[in-house]
Amino acid sequence: MIHLIGLSGSLRAGSFNTAVLKTIGERLPDGAELKLFDLAPVPMYNGDLDGDATPQSVVELKQAIGDADGLILASPEYNYSVPAVLKNAVDWASRPAFKSVLKGKPVGIVSASMGLTGGARAQQHWKSIMSGVLAEVVAMPEVLIPSAQNKVEDGRVTDETTLGFLDRFIETVLAEITRRSAGN
Ligand SMILES: Cc1cc2nc3c(=O)[nH]c(=O)nc-3n(C[C@H](O)[C@H](O)[C@H](O)COP(=O)(O)O)c2cc1C
């Protein structure tokens with residue numbers, strides 16, 4: 030069984046990015062599962078708490094990432110960059126530096142946005158951030174979902190073209206995880 034953990038960069042109930050993760054979870058083939066991790070309880074990073082006093086939500090986040098075979102980030106673009114809620118979670122998870130649970134972790138990135146660029150700038154920034162934490166981004170296919178408000182209904186992606194992109198993305202991420210776990 031391949032275990033994926035999904036992190037959404039948006040906390041709002043009607044989030045298009047959370048909808049993308051739920052859609053991915055429901056389209057995975059047998060032998061793979063995706064669990065969403067709720068980032069709402071994760072406090073802002075504070076180095077004074079990063080040690081013996083680590084907040085329980087952060088302990089659980091690190092455990093979930095550590096246990097997963099791969100990570101799927103679904104991120105909005107905020108002001109031409111990444112949203113703080115997800116960057117904050119990655120900051121917590123990235124410690125201790127260069128030997129954190131993110132090191133060597135396969136990461137697939139999708140972005141959904143109401144804009145026409147589909148979160149392209151956020152994705153670019155995520156790739157840079159992920160290289161800084163030594164995670165292994167599955168670089169292709171890039172899935173950007175522009176005008177997401179027209180492609181999601183009732184908390185799921187309904188647009189057929191987008192579903193096709195998501196299926197190729199899922200296939201590639203799972204193949205990459207399998208290849209890496211085989212040591213090839
Ligand atoms: C603070 C803020 C900044 C935003 N900046 C951008 C942006 O730079 N580019 C963009 O395409 N959309 C931007 N948006 C619009 C988002 O694409 C839109 O709110 C989207 O629905 C957020 O994702 P969600 O549905 O998962 O919450 C911004 C929204 C907010 C709240």
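Each residue of the sequence shown is one higher than the one before, counting from 30 in my numbering.
Here a beta-carbon is modelled for each residue, glycine too, at the ideal position from N, C-alpha and C.
From a predicted model like this one, the values you see are computed outputs, not experimental measurements.
| Which of the three DSSP states, helix, strand or coil, is assigned to Leu57? | coil
| message | Taking the alpha-carbon of Leu63 as reference, which of Asn179, Leu36 and Asp77 has the nearest alpha-carbon? | response | Cα-wise, what sits closest to Leu63 is Leu36.
| request: Mind checking who Pro70 pairs with in its DSSP beta bridge? | output: Per the DSSP secondary-structure output, Pro70 pairs with nothing in a beta bridge.
| field | Inter-residue Cα distance where the pair is Ser86 and Gln92 | value | 10 Å
| field | Residue nearest to Ala113 in terms of C-alpha spacing, selected from Trp155, Lys132, Gly76 and Asp77 | value | Trp155
| query | Sorted by chain position, which residues of the same chain lie with C-beta nearer than 6 Å to Phe194's C-beta, five sequence neighbours on each side aside? | reply | Excluding residues within five positions, the ones whose Cβ falls inside 6 Å are Val172.
| Just to confirm, does Ser176 get its C-beta within under 7 Å of one of the non-hydrogen atoms of ligand 1? | no
| field | Neighbourhood of Val111 by C-beta distance below 8 Å, restricted to the same chain and skipping five residues each side | value | Gly38, Ser104, Ala151, His154, Trp155 and Ile158
| field | Buried/exposed call for Gly80, threshold 16 Cβ in 10 Å | value | exposed
| Given a threshold of 16 other Cβ atoms within 10 Å of its Cβ, counted over all protein chains shown, does Lys128 qualify as buried or as exposed? | exposed
| request: Provide the residue(s) that pair with Ala164 in DSSP beta bridges, ordered along the chain. | output: None; Ala164 has no bridge partner.
| request: Rounded to whole angstroms, what's the CA-CA distance from Arg68 to Phe45? Just pull it up for me. | output: Here residue 68 turns out to be Leu, not Arg, going by the sequence shown. Straight-line Cα distance between these residues: approximately 16 Å.
| query | Closest by CA to Ala177, which one among Thr146, Ala126 and Gly133? | reply | Nearest option by C-alpha distance: Thr146.
| said: Measuring straight from C-alpha to C-alpha, what distance separates Ile53 and Leu102? | reply: 11 Å
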